[in-house]
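Worksheet: one structure, shown below.
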Amino acid sequence: MVHVKDSKSGTSGKPISLSSNFFRLLSCPQWVLYQYHIKFEPPMESRRLRSALIYQHEQTLGKAKIFDGGMLFLPIRLAQKETILHSETRNKEAVKITVTLTNELPPSSPVCIQFYNLILRKILKLLHLQQIGRNYYNPHDPLNIPQHKLKIWPGYVTTILHYESSIMMCIDISHKVLRSNTVLDFMTNLRAQYGDHRFADMCTKELVGCIVLTKYNNKTYRVDDIAWDHTPNNTFVKGDTTISFKKYFKDVKSITIDVPKFDYDLWKADWSREMRGNPVISSPEIKKWFLFHTRQNGNDAHSLLESLQRVSSPLGIHLHKPIMTSCLLWYSFSNQLIICLYQVAVILPSNRKDRYECVKKYLCVDFPVPSQCVVSRTLKPKSLMTVATKLALQMACKVGGELWSVEIPLKQLMVVGIDCYHDTSAGKRSIGALVASLNQTMTRWFSKCVLQHKGQEIMDGLKMALAGALKDYHKFNNCLPSRIIVYRDGVGDGQLHSVVNFEVAQILESIKTFGEGYEPKLSVVVVTKRISCRFFAHINGSVSNPPPGTVVDTEVTRPEWYDFYIVSQAVHNGSVSPTHYNVVYDTSGLKPDHMQRLTYKLCHMYFNWQGIIRVPAPCMYAHKLAFLVGQSIHKEPNTKLDDYLFYL
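Read the sequence shown against full-length UniProt numbering and you will find it ends at 648, with the numbers running on by one and no gaps.
If you want it as structure tokens, here you go:
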């Protein structure tokens with residue numbers, strides 16, 4: 001990326017003064033970490049025993065040390081490159097320990113960075129904080145919410161990394177929300193709700209994949225399966241003996257187990273007020289469409305229809321009178337003869353997941369037609385007009401309507417969003433979603449979802465999806481895009497090399513299938529939402545959240561990356577969360593100013609929210625599509641819906 005070799009910072013815009021939650025670590029420039037290899041003769045299998053033998057030589061090695069079982073790290077250099085030590089086990093067995101210097105590590109080396117983080121974790125443990133996942137929380141000062149059976153543990157997210165000018169620690173507050181009821185309570189409620197005949201299936205569906213915390217040791221575990229044929233009286237092998245689960249918890253954890261028997265956003269940067277009474281850019285005429293409801297919801301259906309007709313006309317949405325159908329039995333919905341080609345709206349009597357899935361599976365796979373669901377309890381008189389306005393806008397954009405746009409001067413540009421989801425109910429299949437723009441104003445989108453088995457690379461299927469997007473773009477514009485910008489969401493820092501080495505290659509291969517002469521300019525940007533850094537603006541003598549559109553591209557960015565942060569939202573309470581963008585591949589030649597501005601503009605183009613969102617619209621569209629398929633459909637949607645935002 002030669003065009004950002006000298007500077008990756010933008011130059012336009014108005015500078016403002018910011019402070020952040022990064023703290024520079026003061027260290028002596030001559031400080032060096034010494035790495036030693038440890039060899040035991042005879043070999044010691046137990047890591048705990050090896051550590052105990054090393055710690056016998058505090059006089060030689062010093063108090064400050066880190067030993068991982070094979071490597072020893074010291075802040076001092078021993079007199080000899082190879083040092084011989086002698087120890088003795090409790091069984092009076094003599095052990096020879098050879099300590100060999102292997103490396104001298106400067107403060108900015110990756111191993112030293114890891115070393116700093118290890119020391120920080122030890123400090124947090126000394127403060128009696130409990131590790132859950134990667135973060136640390138305080139279980140001794142919880143906030144209890146008894147009316148919702150919840151408790152909140154306060155804690156911290158910490159990282160130490162090498163940034164532009166120095167090594168800094170980023171620290172942010174974090175809160176872990178925990179249920180105060182037990183898994184047993186949850187299962188009892190499921191049994192009361194669904195009865196014995198569906199109890200086991202619903203337990204598996206709701207609990208498998210969940211994270212649970214055991215209070216006796218404050219450790220978390222993921223539920224992989226439920227052994228219905230086991231009880232606490234079943235046994236397992238512990239060491240050389242066999243012990244029951246019940247006895248184990250009694251003897252080791254001092255816990256007595258009774259043995260029951262089971263038979264089997266928001267933001268102020270929005271333009272919702274400005275849209276009232278103003279027509280959308282364009283909307284197809286919705287002539288023939290169905291409105292389904294149960295007999296109990298008949299009045300709600302008529303009230304909703306009346307409100308839809310009142311709000312749709314000022315918005316420029318031509319909504320004809322629907323065919324209203326009442327279903328005696330909910331599951332008879334799929335047996336109705338549906339002949340409409342435009343839209344189906346369904347009023348759900350409750351938010352039961354199985355009912356929603358029934359509708360979406362049928363209308364996204366078996367009979368492909370855009371559909372809109374609304375729960376009857378939201379159709380209250382006071383909020384009915386607001387609900388009807390949102391519903392009318394969704395119905396319009398689901399059939400190809402264009403609600404609003406922003407000015408994007410780049411010609412023949414295709415913007416792509418990619419996100420992934422893991423379907424835990426289908427053997428942890430990987431679901432990849434690709435959404436690509438089809439026109440200059442970024443108001444029409446191609447959407448494709450691919451389902452792959454566990455272990456398969458997501459981009460295997462998305463390569464074909466990108467080829468489909470390019471063909472659709474050509475159908476819309478009679479030409480292929482000269483510039484493609486891919487926003488890749490759902491990637492952690494540890495997967496960046498995989499994106500660069502594998503996914504970028506797959507994207508290039510997909511482009512090559514259109515002929516040797518076709519070489520569009522390509523940019524691949526990794527989008528990260530779950531970050532710890534926060535920024536605070538100093539405006540008129542007070543500290544506040546930075547205004548929407550704030551870009552941070554220096555000081556706290558990484559020296560080896562072409563990266564930047566954008567604060568795209570405005571929030572009423574708390575500190576705003578920035579989004580991190582890392583350009584991992586770029587042949588476009590776009591200046592950093594232009595890349596940052598385009599990214600921010602795309603945060604305005606999500607038709608499901610009349611305001612700015614945290615990520616570019618194609619990323620959010622891809623997330624919505626992957627989530628719908630992973631949560632409700634569990635199949636690839638029908639190809640007839642590829643050109644519609646049917647998943648909003």
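Virtual Cβ for every residue (Gly too), placed ideally from N, Cα, C. Remember, it's a predicted structure, so these values are computed and weren't measured experimentally.
Shown here, Lys219 sits in a strand according to DSSP, grouped into three states. Residue state for Gly630 is assigned as helix, using DSSP reduced to three classes. Assignment of Gln412 by DSSP, reduced to helix, strand and coil, places it in the coil class. Ranked by Cα distance from Leu522, the first of Thr587, Met464 and Ser510 is Thr587. In the displayed model, Ile16 falls within coil according to three-state DSSP, outside both helix and strand.
For the pair Gly611 and Ser272, the CB atoms are nearer than the 9 Å cut-off.
Separation of the CB atoms of Val212 and Thr220 is rounded to 7 Å, and the pair is thereby assigned contact status at 8 Å. In the three-state scheme derived from DSSP, where H, G and I count as helix and E and B as strand, Tyr194 is classed as helix.
Remark: fewer than three beta-carbon pairs, one from each stretch, lie closer than 8 Å, so the stretch 52 to 65 and the stretch 107 to 118 are not flagged as touching. With three or more CB-CB distances shorter than 8 Å, the stretch 375 to 382 counts as touching the stretch 294 to 309. In the three-state reduction of the DSSP assignment, His37 falls in the strand class. Cα atoms of His293 and Thr325: separation of roughly 6 Å, rounded to the nearest angstrom. A Cβ-Cβ distance of about 29 Å is found for the pair Cys479 and Ala626, leaving them out of contact under the 8 Å criterion.
Non-local C-beta neighbours of Asp553 in its own chain, meaning closer than 8 Å and more than five positions away in sequence, comprise Lys8, Ser9, Gly10, Asp563, Phe564, Tyr565, Pro592 and Gln596, ordered along the chain. Within the stretch 355 to 394, complete beta strand (DSSP E) segments of at least 3 residues are found at 371 to 375, given in chain order. Judged by beta-carbon spacing, Met442 lies within the 9 Å limit of Leu602, meaning their Cβ atoms are closer than that value. In this structure, DSSP gives Ser166 a state outside helix and strand, which the three-state scheme calls coil.
In the pairwise beta carbon analysis, the stretch 89 to 102 is classified as touching the stretch 42 to 55: at least three pairs are separated by under 8 Å.
Residues Pro368 of the same chain have their beta carbon placed closer than 6 Å to that of Lys640, with the five preceding and five following residues left out of the count. Under DSSP, Tyr137 takes part in a beta bridge, and its partners are Gln130 and Gly155. Secondary structure remark: continuous alpha helix (DSSP H) runs of at least 4 residues inside the stretch 418 to 481, in chain order: 458 to 477.
Collapsing the DSSP output to three states places Leu304 in a helix.
For Gly298, the three-state secondary structure derived from DSSP is helix. Ser244: not part of any alpha helix (DSSP H); member of the beta strand (DSSP E) spanning Thr241 to Ser244, first to last residue.
When rounded, the separation of the alpha-carbon atoms in Cys449 and His57 is 60 Å. Distance check between Pro142 and each of Lys122, Leu190, His175 and Phe23 places His175 closest, using alpha-carbon atoms only.
By the neighbour-count definition (other C-beta atoms within 10 Å, threshold 16), Ile286 is a buried residue. Cβ contact annotation for Val95 (same chain, cutoff 8 Å, sequence separation greater than five): Phe40, Glu41, Pro42, Met44, Leu53, His86, Ser87, Glu88 and Thr89, in chain order. With the rule of 3 Cβ pairs closer than 8 Å, the stretch 514 to 530 counts as touching the stretch 479 to 489. Taking the C-beta atoms as reference points, Thr235 is found nearer than 9 Å to Thr242.
Relative to the Cα of His37, the nearest Cα in the group His3, Thr100, Asn21 and Ser20 belongs to Thr100. Counting C-beta atoms within 10 angstroms of its own C-beta, Phe23 has fewer than 16 neighbours from the protein chains shown and is therefore classed as exposed. DSSP places Ala52 in the helix class (H, G or I) of the three-state scheme. Looking at the DSSP output, Leu522 bridges to Ile484.
A residue is called buried once 16 or more other Cβ atoms fall within 10 Å of its Cβ, and Gly239, having fewer, is exposed. For Leu74, there is no enclosing alpha helix (DSSP H); the enclosing beta strand (DSSP E) covers residues Met71 to Leu74.
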